[in-house]
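Enquirer: Just passing along the structure, written as structure tokens.
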Amino acid sequence: MSDIVAFNSVAEEAAPKAQAQRVLAGPRGAKPRRALSGRNIMIYGTLVVVALYYLLPLYVMVMTSLKGMPEIRLGNIFAPPVEITFEPWVKAWASACTGLNCDGLSRGFWNSVRITVPSTLVSIAIASVNGYALANWRFKGAELFFTILIVGAFIPYQVMIYPIVIVLREMGIYGTLTGLIIVHTIFGMPILTLLFRNYFAGLPEELFKAARVDGAGFWTIYFKIMLPMSLPIFVVAMILQVTGIWNDFLFGVVFTRPEYYPMTVQLNNIVNSVQGVKEYNVNMAATILTGAVPLFVYFVSGRLFVRGIAAGAVKG
Amino acid sequence: MKLRSFAAMLATAVALPLGAASAADLEVTHWWTSGGEAAAVAELAKAFDATGNHWVDGAIAGSGGTARPIMISRITGGDPMGATQFNHGRQAEELVQAGLMRDLTDVATREKWKDIVKPASLLDSCTIDGKIYCAPVNIHSWQWLWLSNAAFKTAGVDVPKNWDEFVAAAPALEKAGIVPLAVGGQPWQAAGAFDVLMVAIAGKDTFQKVFGDKDEDVAAGPEIAKVFKAADDARRMSKGTNVQDWNQATNMVITGKAGGQIMGDWAQGEFALAGQKAGTDYTCLPGLGVNEIISTGGDAFYFPLLKDEEKSKAQEALASTLLDPKTQVAFNLKKGSLPVRGDVDLAAANDCMKKGLDILAKGNVIQGTDQLLSADSQKQKEDLFSEFFANPSITPEDAQKRFADIIANAE
Amino acid sequence: MAGHTQSSGRPNQWLRNLNAKIASVPMILTAVVIFLGGTIWTVVYSFTNSKLLPRLTFVGFDQYERLWDAPRWLVSVQNLAIYGIFSLIFSLVIGFVLAALMDQKIRFENTFRTIMLYPFALSFIVTGLVWQWLLNPEFGIQSVVRSLGWETFTFDPLYNADIVIYGILIAALWQGTGLVMCLMLAGLRGIDEDIWKAARVDGIPMWKTYIFVIIPMMRGVFITTLVIIASGIVKVYDLVVAQTSGGPGIASEVPAKYVYDYMFQAQNLGQGFAASTMMLITVAIIIVPWAYLEFGGGRKRV
Chain D
4 MSDIVAFNSV AEEAAPKAQA QRVLAGPRGA KPRRALSGRN IMIYGTLVVV
54 ALYYLLPLYV MVMTSLKGMP EIRLGNIFAP PVEITFEPWV KAWASACTGL
104 NCDGLSRGFW NSVRITVPST LVSIAIASVN GYALANWRFK GAELFFTILI
154 VGAFIPYQVM IYPIVIVLRE MGIYGTLTGL IIVHTIFGMP ILTLLFRNYF
204 AGLPEELFKA ARVDGAGFWT IYFKIMLPMS LPIFVVAMIL QVTGIWNDFL
254 FGVVFTRPEY YPMTVQLNNI VNSVQGVKEY NVNMAATILT GAVPLFVYFV
304 SGRLFVRGIA AGAVKG
Chain V
55 MKLRSFAAML ATAVALPLGA ASAADLEVTH WWTSGGEAAA VAELAKAFDA
105 TGNHWVDGAI AGSGGTARPI MISRITGGDP MGATQFNHGR QAEELVQAGL
155 MRDLTDVATR EKWKDIVKPA SLLDSCTIDG KIYCAPVNIH SWQWLWLSNA
205 AFKTAGVDVP KNWDEFVAAA PALEKAGIVP LAVGGQPWQA AGAFDVLMVA
255 IAGKDTFQKV FGDKDEDVAA GPEIAKVFKA ADDARRMSKG TNVQDWNQAT
305 NMVITGKAGG QIMGDWAQGE FALAGQKAGT DYTCLPGLGV NEIISTGGDA
355 FYFPLLKDEE KSKAQEALAS TLLDPKTQVA FNLKKGSLPV RGDVDLAAAN
405 DCMKKGLDIL AKGNVIQGTD QLLSADSQKQ KEDLFSEFFA NPSITPEDAQ
455 KRFADIIANA E
Chain G
436 MAGHTQSSGR PNQWLRNLNA KIASVPMILT AVVIFLGGTI WTVVYSFTNS
486 KLLPRLTFVG FDQYERLWDA PRWLVSVQNL AIYGIFSLIF SLVIGFVLAA
536 LMDQKIRFEN TFRTIMLYPF ALSFIVTGLV WQWLLNPEFG IQSVVRSLGW
586 ETFTFDPLYN ADIVIYGILI AALWQGTGLV MCLMLAGLRG IDEDIWKAAR
636 VDGIPMWKTY IFVIIPMMRG VFITTLVIIA SGIVKVYDLV VAQTSGGPGI
686 ASEVPAKYVY DYMFQAQNLG QGFAASTMML ITVAIIIVPW AYLEFGGGRK
736 RV
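Residue numbers (my numbering), protein chains in the order written: chain D, 4 to 319; chain V, 55 to 465; chain G, 436 to 737.
Written out as structure tokens, the structure reads:
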């Protein structure tokens, strides 16, 4: 119980609502700023160096994936390819082998989509309603359950595999897509519920009160008032879930059967099936291909991500 | 010989219509993903598809340690595959006791497995309470030292004929910038190498006493102390191996970057794939050239109990396909392992495989540690030896003490 | 309850909040059946000798005695402590400094932010793989520096048992600091500008303003961040598997890996459960005092 109070207190310490607006808008107005160029050089210098550190692995991955194996064996990993080849990409996508299946990552791609899309939608739908109930319709005992949920965020997944195998078996949905969606929903729930709860708690109370006075009920308020105001937090939740579910390997392989194996399983298979020499170029191409979807989602909606985080996480 | 295999053919012919009548897709999980292994699995799949059924490949890369948890979760979770690879022995014991696995006694009796499977211990480790639960497909022996002829030539020394000569040649190799002994970073490799040293140095009886009878006094005694001494040599010689996977370590031997490797006969598949010839490009020393004894571990297929009748029939078809003489030859040649039946003709076998077949025929065999120890004790042993091989500050004496403890608590 | 007063009706009227209760059923089921149920189940079975399949043959504290005698477990715990402390400190410091730099109304903020955050979109398997490669002495940074003429340069953290855990830390920070930076940046954006104005009027140097004024005001952000980082630290597994598989030897083993290996590879559920129970206790040790402080300490209301 006391955990919850702690979370509440965090929420209450959050910046007042007026500032939430600023958060949503990004930097604005006069900041302490001197136009000394020396200072700017320092700031940009540091940022550029830092950016290089973050970019280095990506650079190496891309460069390596464009080289042939002989060049890799000779050379310097930072050197750009002398002869650009797209062979590794083609191989990683279409013909790398795991056991007898030589169709690369391609067969996992649609599986990943089939897993990620419904899992993301279901987990967000459930967590947002949970968060809304916790923030605006608090009932006795709700906080206790929420506490347990948050502590659950700390439990290593490996520990929970066995009990979940048993629960899913008893429900008769072990090995099905439904089972996997439920598993993703369960493990996404702590953080998502926390984010949604904090976000809804931060919306102006008057809106909610006015709707109540007008006689609107639980669902009406959720759909008519809360949802339209919640784009940033839904974007955050979407990014977190797409990233997390797309990148998941453990659940994908333990809770499904091979016809549903996600792309990460193929990635693991490609990276770990060494046939003779490690084909670093194919590994790197496979790695980039697997990461492409979350990266894309990320680049497209990254701006909203920070705003959403600002609105949802800061208070949590 | 001819007559026996003819009888076996007949038996398969009897089984075939059964399979053909009930064509079904059967998912088969295994962890054979290296080059040689994948080629061998393809032979099994081809033979099974020929029965009119369809082999759905469920390969999971990253060795048995990654794959087994997934297979076990699937079986206990109530969504079993059609068939799955395990090593012979105790890995599937409890699944059988829990009634999750299918009894193959009918198939085995019909096809006279008891008569054709050699050595008989293979079928024994498939047998629980008098019933047969798995189909052994090959015999893998651990007790081999693979040497790169090129590496020794570079170092200017003769290719050793036994372990002691190899240890003596180590400084010359090191001087030439060659790692004398390649030991990959995965824990089972270090533990396996130790078991091999034990058979070679302390002999068959001591091995049986330690792992079979779990005699902790022997484990703490002077014979095993000698083995630890040798393991200490091996540790020194393996310094500089910066690879994880066994086949990357094998690759170091193939390319002459390492002098040798203690590894099971599956390493042969990699040599074959690289186009190397036994005798000219590489040398193999069974029992490290000291004690020519091999263990008869290996792989077996287990069949989870399925409700679907069609699939159950397909399981029977697969079980008989696996032991079919033709499949046995095709599979084992690619895999570099020995067939489980004594009546097949391996004319195409290379020198190393022939050495293995000879030893097998002489009956100089022991059971593998997978058959003798529980997975739990095996894991503890792996922890100990992977630490021992990576950390020179652990003395052989300390390691032996810990080893004796593990044996004392083993089941 | 420290309350937040939404007009949610009176809780004593059972039916009045029925919709909210129905909506919370998934959460309640997850909390009770999975997290609480699973935890209790795990703790109970940690006192049994379950092997491959769970069975209720109690053996007292045997599994725990064995656990604390196992050198690998001790190494794992020690590694987690080192990794945890450094990961916390570096993530917070680096994250905050970067956020402060980003908050200087710089140009190309979006670009920089994307660059810092993109590793977060990659899986640990990918991160582990790339860094394993960069840190490989034969191909990676070491060989490149050597080929530039500095022959004795040594940088092989993943192959040196004494420092391998720091090699893993490098990759973990690469992946995680971007998110921390974002959280901190969001926090900084939440600070009222009047505070900066006041500080400037008083002539307080900028670094002092940050340390004595701004950071204390960002307590909420720090706590969120701490929770996110800490829960990630306890769970660290994939990264180790992808980079070193626990090697060299057992030098980079972590508790979550011990749990997994013993449960599934060694087929000794009892031992795995005992180890996970110890991890759960660690989690409790982290969370409970924090909750207690939050509850007991006088916190200021905004």
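Glycine included, C-beta positions come from ideal geometry on N, C-alpha and C.
Remember, predicted model here, so these are calculated numbers, not experimental data.
1) Write down the C-beta distance between V:E364 and V:A78 rounded to the nearest angstrom, noting that I regard them as a contact closer than 8 Å.
2) Alpha carbon to alpha carbon, how far is D:G3 from D:K94?
3) Could you say which of V:R395, V:G396, V:L339, V:S366 lies nearest to V:S202 if we only look at CA atoms?
4) With DSSP as the reference, label V:Q315 as helix, strand or coil.
5) Using a Cβ-Cβ cutoff of less than 7 Å, which residues in the same chain neighbour G:L674 once the five nearest sequence positions on both sides are dropped?
6) At the 8 Å Cβ level, is V:S366 part of the contact set with chain D, yes or no?
7) In three-state terms, what does DSSP make of D:N284?
8) For D:W178, return the contacting residues in chain V, with the cut-off set at a CB-CB distance below 8 Å.
9) Check V:H142 in the structure and name its three-state DSSP category.
10) So, with DSSP's three-state summary, where would you put V:W196?
11) With G:L552 as the anchor, note down where its alpha helix (DSSP H) starts and where it stops.
12) So G:C617 is in the beta strand (DSSP E); what residue range does that whole segment cover?
13) I want to see whether chain D comes within less than 8 Å of G:I545, judged by CB atoms only; does it?
14) Could you tell me the distance, in whole angstroms, from the CA atom of V:S428 to the CA atom of V:T334?
15) Measure the Cβ-Cβ separation of D:L307 and D:P207 and say whether it is below 8 Å.
16) According to DSSP, which residues form a beta bridge with V:C188?
17) For V:K311, I'd like the list of residues in its chain whose CB is within less than 7 Å of its CB, leaving aside the five on either flank, ordered along the chain.
18) Using beta carbons (cut-off 8 Å, strictly below), is V:T260 in contact with chain D?
19) Name the two residues that bound the continuous alpha helix (DSSP H) containing G:L502.
20) For the putative contact between D:V238 and D:P297, defined by C-beta atoms under 8 Å, what is the C-beta separation to the nearest angstrom?
21) What does V:Q298 touch in chain A if you count any residue whose Cβ is under 8 Å from its own?
22) V:G417: which of V:N141, V:G112, V:L359, V:P173 sits nearest, CA to CA?
23) Can you list the residues of chain V that D:N272 reaches, using a CB-CB cut of under 9 Å?
24) Given this structure, state the Cα-to-Cα distance separating G:T477 from G:L620, to the nearest angstrom.
25) DSSP on D:P73, reduced to helix/strand/coil?
26) Only counting the same chain, and skipping five residues up and downstream in sequence, which positions put a Cβ closer than 8 Å to that of V:E91?
27) Quick one: what's got a C-beta closer than 7 Å to D:M241's C-beta in the same chain, skipping five residues either side?
28) Please list, in chain order, the chain G residues whose beta carbon lies closer than 7 Å to that of V:G239.
29) For G:W568, count the other beta carbons within 10 Å of its own beta carbon; 16 or more makes it buried, fewer makes it exposed. Which is it?
30) Can you check the segment 208 to 271 of chain D for any beta strand (DSSP E) of at least 3 residues that lies completely inside it and give the ranges in chain order?
31) What's the C-alpha gap between V:K408 and V:S391?
32) Out of D:G311, D:F221, D:G294, D:V285, which one is the CA nearest neighbour of D:I75?
33) Does any C-beta atom of chain G lie closer than 8 Å to the C-beta of V:L426?
34) Under 8 Å Cβ-Cβ, which residues of chain V neighbour G:D696?
35) Mind checking V:C406: buried by the 16 CB within 10 Å criterion, or exposed?
36) Tell me V:H84's beta-bridge partners as DSSP assigns them.
Expert: Looking at the atomic coordinates:
1) On the second sequence, residue 364 of chain V is found 310 positions in, with the first residue counted as 1. On the second sequence, residue 78 of chain V is found 24 positions in, with the first residue counted as 1. That belief holds up - the Cβ atoms of V:E364 and V:A78 are roughly 4 Å apart, short of 8 Å.
2) Past the edges of chain D, shown from 4 to 319, lies residue 3 of chain D, and the structure says nothing about it.
3) Taking the second sequence and counting its residues from 1, one reaches residue 202 of chain V at position 148. Closest by alpha carbon: V:L339.
4) What you label residue 315 of chain V is simply residue 261 of the second sequence in a count that begins at 1. Annotated three-state conformation of V:Q315 is strand, per DSSP.
5) Taking the first residue of the third sequence as 1, we reach residue 674 of chain G at position 239. Cβ within range, chain order: F559, T562, G563, I603, A606, A607.
6) Sequence index remark: in the second sequence, residue 366 of chain V carries index 312 (1-based). Taking Cβ atoms only, chain D never reaches closer than 8 Å to V:S366, which makes this a no.
7) What you label residue 284 of chain D is simply residue 281 of the first sequence in a count that begins at 1. Helix.
8) In the first sequence, counting from the first residue as 1, residue 178 of chain D sits at position 175. The sequence given here has Gly at residue 178 of chain D, not Trp. Here the neighbours are R128, G131, G132, D133.
9) If you number the second sequence from 1, residue 142 of chain V lands on position 88. DSSP places V:H142 in coil when its eight states are reduced to three.
10) In the second sequence, counting from the first residue as 1, residue 196 of chain V sits at position 142. Three-state DSSP puts V:W196 in coil, outside helix and strand.
11) Start at 1 with the first residue of the third sequence, and residue 552 of chain G comes out as number 117. From DSSP, the alpha helix (DSSP H) with G:L552 extends over 544 to 552.
12) One-based indexing of the third sequence puts residue 617 of chain G at position 182. Counting along the chain, G:C617 falls outside any beta strand (DSSP E), though it belongs to the alpha helix (DSSP H) covering 599 to 624.
13) Residue 545 of chain G sits at position 110 when you count from the first residue of the third sequence. The sequence shown places Asn at residue 545 of chain G, not Ile. Interface residue, yes.
14) Against the second sequence, residue 428 of chain V aligns to sequence position 374. Against the second sequence, residue 334 of chain V aligns to sequence position 280. Roughly 40 Å between the two C-alpha positions.
15) Translated into positions along the first sequence, residue 307 of chain D becomes position 304. Translated into positions along the first sequence, residue 207 of chain D becomes position 204. The beta carbons of D:L307 and D:P207 sit no closer together than 8 Å.
16) In the second sequence, counting from the first residue as 1, residue 188 of chain V sits at position 134. Answer is V:Y356.
17) For the purposes of this step, residue 311 of chain V is taken as residue 257 along the second sequence, with counting starting at 1. Cβ neighbours of V:K311 beyond the five flanking positions: I232, V233.
18) Counted from its first residue, the second sequence places residue 260 of chain V at position 206. Chain D contact via Cβ: absent.
19) Taking the third sequence and counting its residues from 1, the one referred to as residue 502 of chain G is at position 67. Start and end: 497 to 504.
20) Residue mapping note: residue 238 of chain D aligns to position 235 of the first sequence, counting from 1. Residue mapping note: residue 297 of chain D aligns to position 294 of the first sequence, counting from 1. The pair is not a contact, with the Cβ atoms about 14 Å apart (cut-off 8 Å).
21) Annotation note: the requested chain A is absent from the structure, which comprises protein chains D, V and G.
22) As a first step, residue 417 of chain V is located in the second sequence; it is residue number 363 there, counting from the start. Comparing Cα positions, the closest option is V:P173.
23) Locating residue 272 of chain D in the first sequence gives position 269, counting from the first residue. Chain V residues near D:N272: T87, A113, I114, A115, G116.
24) Start at 1 with the first residue of the third sequence, and residue 477 of chain G comes out as number 42. Start at 1 with the first residue of the third sequence, and residue 620 of chain G comes out as number 185. In a straight line, the C-alpha of G:T477 is about 39 Å away from that of G:L620.
25) For the purposes of this step, residue 73 of chain D is taken as residue 70 along the first sequence, with counting starting at 1. Three-state DSSP puts D:P73 in a helix.
26) Taking the first residue of the second sequence as 1, we reach residue 91 of chain V at position 37. The answer, listed in chain order, is W320, G323, K389.
27) One-based indexing of the first sequence puts residue 241 of chain D at position 238. Closer than 7 Å at the Cβ level, and outside the excluded window around D:M241, lie T123, I127.
28) Counted from its first residue, the second sequence places residue 239 of chain V at position 185. Chain G residues near V:G239: S680, G682, P683.
29) The residue labelled residue 568 of chain G in the question sits at position 133 within the third sequence. Buried is the call here.
30) none
31) Mapped onto the second sequence, residue 408 of chain V falls at position 354. Mapped onto the second sequence, residue 391 of chain V falls at position 337. CA-to-CA, the gap between V:K408 and V:S391 works out to about 11 Å.
32) Within the first sequence, the letter at position 72 stands for residue 75 of chain D. Per the Cα distances, D:V285.
33) Taking the second sequence and counting its residues from 1, one reaches residue 426 of chain V at position 372. No, V:L426 lies away from the interface with chain G (no Cβ there is under 8 Å from its Cβ).
34) The residue given as residue 696 of chain G occupies position 261 in the third sequence. Per Cβ cutoff of 8 Å: G119, K433.
35) As a position in the second sequence, residue 406 of chain V is number 352, starting the count at 1. That one is buried.
36) To locate residue 84 of chain V, count along the second sequence from 1; it is residue 30. Its beta-bridge partners are V:A113.
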